[in-house]
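Take the sequence shown: its position 100, counting from 1, is numbered 161 in our numbering, and each next residue is one higher.
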Amino acid sequence: MSLKLHVFPPSPRAFKVLFAAHQLDVDYELVPVNFANGGTKTPGFTALNPNQRMPVLEHDDFSLWESNAIVQYLASLKPESGYLPADLNGRMQAIKWQFWESSHWDPACAIYMFENVVKKLFSLGEPNPAELERGRQLFARLGPVLDGQLGRTACLAGPRMTVADLSVAPSLSSAELAQMPIADYPNLQRWLAEMQALPAWGQARALQRPAA
Ligand SMILES: N[C@@H](CCC(=O)N[C@@H](CS)C(=O)NCC(=O)O)C(=O)O
C-alpha cells in the first residue's frame, strides 16, 4: 500500500485524518507514532516533518504535514465525493472553516484536552484552573459561531458534507472526556450526533480508543 498515515491514534488531530480517510474511502496504512516516547523526534520522522509533530501523510515519494492539508489531499484523491467542492465559492466556504479550525477552534478545544485528558493520562498533575478559564472564554466566543452556522445549514459549509465537517468535528471526538461545554449548543449537538452516527466516525473511534 503506498499511502501511509503516521498517527498517534488517541489524538484528535490523528482522529481527523483517520475519519477523513474512512469517510472518503481512501486505502491507507496506519503507521503508529507515539510522541510520548519520542517517536516524532527520530531523524526519520523529522525528515518527514521538521516540526516533529504528527499527523503526517506519505504517498509514494510525496509527504505532507498539517492535518487540514492532509484532509484536503485525501479529498482531492476522491474528486467525485464533492468534499472539496469544484466551484470556487463552495470550495472557499469549506476551506474557510479549515482555517478557522486551525486558528481558533483547535487551540480552544486543545486546552480542554490537555487539562482534562492528557494531564491525567501522563500523570502531569491537576488541571490548571486559569487555563480552563481561558478555554471557557475562548469556547464561549467560538461555540455560538459554530452553533449559529449549523442552525442555518445542515453541514458546516452548506447542505452537504465537505472537508469543513471532516476538519472541525474531530476536535469534539473526546468532548465528553475533556468536559467541553457543548450542552448549550443544540445545533452543534445535532450535527455532532450526525457525525458520530457515520460508520467512518466509528472506525476512527475504534482506532482512537481500541479498548473503549
Ligand atoms: N497544526 C498541526 C498540529 C499537530 C500537533 O500539534 N501534533 C501534536 C500532537 S496532537 C504532536 O505531534 N506533538 C508532538 C510534540 O509536540 O512533540 C496539525 O493540525 O497537524
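We put the beta carbon where it would ideally sit given N, CA and C, even for glycine.
For clarity, every value in this text was computed on a predicted model and none was experimentally measured.
Backbone secondary structure at residue i - three-state DSSP
{"i": "SER63", "result": "coil"}
{"i": "LEU238", "result": "coil"}
{"i": "VAL87", "result": "coil"}
{"i": "GLY143", "result": "coil"}
{"i": "GLY186", "result": "coil"}
8 angstroms contact criterion, which residue i and residue j should meet: CB distance rounded
{"i": "LEU238", "j": "GLY204", "result": "Contact flag wrong, Cβ pair sits at about 18 angstroms."}
{"i": "SER137", "j": "LEU145", "result": "6 angstroms"}
{"i": "LEU233", "j": "MET222", "result": "Actually they are not in contact, since the Cβ atoms of LEU233 and MET222 sit about 15 angstroms apart, beyond 8 angstroms."}
{"i": "GLU90", "j": "LEU109", "result": "That belief does not hold up - the Cβ atoms of GLU90 and LEU109 are roughly 14 angstroms apart, past 8 angstroms."}
{"i": "GLN154", "j": "ALA218", "result": "4 angstroms"}
{"i": "HIS67", "j": "VAL92", "result": "5 angstroms"}
{"i": "PRO275", "j": "SER235", "result": "No information on residue 275 is available, as it lies outside the stretch 62 to 273 that the chain covers here."}
{"i": "ALA261", "j": "GLN113", "result": "With a Cβ gap of about 28 angstroms, ALA261 and GLN113 do not count as contacting."}
{"i": "VAL94", "j": "PHE123", "result": "Not a contact, Cβ separation roughly 18 angstroms."}
{"i": "PRO71", "j": "GLN269", "result": "6 angstroms"}
{"i": "PHE200", "j": "ALA169", "result": "5 angstroms"}
For ligand 1, which residues count as neighbours when the test is a C-beta closer than 5 angstroms to any heavy atom? Spelled out in chain order, the answer is SER72, ARG74, PHE96, THR101, ARG114, MET115, GLU127, SER128.
For the segment 227 to 235 against the segment 75 to 83, are there 3 or more C-beta pairs whose distance is under 8 angstroms? Because the criterion of three Cβ pairs below 8 angstroms is met, the segment 227 to 235 and the segment 75 to 83 touch.
Beta strand (DSSP E) runs contained entirely in the segment 90 to 134, provided each spans 3 or more residues: With a minimum length of 3 residues, the continuous beta strand (DSSP E) runs that stay inside the segment 90 to 134 are 90 to 93, 117 to 120, 123 to 126.
Hey, is the segment 108 to 127 in contact with the segment 65 to 79, meaning 3+ C-beta pairs nearer than 8 angstroms? With a cut-off of 8 angstroms, the segment 65 to 79 and the segment 108 to 127 count as touching, because enough Cβ pairs lie within range.
With three or more beta-carbon pairs closer than 8 angstroms as the criterion, would you say the segment 158 to 167 touches the segment 123 to 137? Segments in contact, yes.
Mind the definition here: the segment 189 to 205 touches the segment 164 to 179 only if three or more C-beta pairs lie below 8 angstroms; say whether that holds. Of all C-beta pairs linking the segment 189 to 205 to the segment 164 to 179, three or more are shorter than 8 angstroms, placing the two stretches in contact.
Determine contact between the segment 243 to 260 and the segment 208 to 222, defined as no fewer than three beta-carbon pairs at a distance below 8 angstroms. Taking a contact to require three or more Cβ pairs closer than 8 angstroms, the segment 243 to 260 and the segment 208 to 222 qualify as touching.
Whole runs of the beta strand (DSSP E) within the segment 202 to 246, excluding any shorter than 3 residues: Runs of the beta strand (DSSP E) inside the segment 202 to 246: none found.
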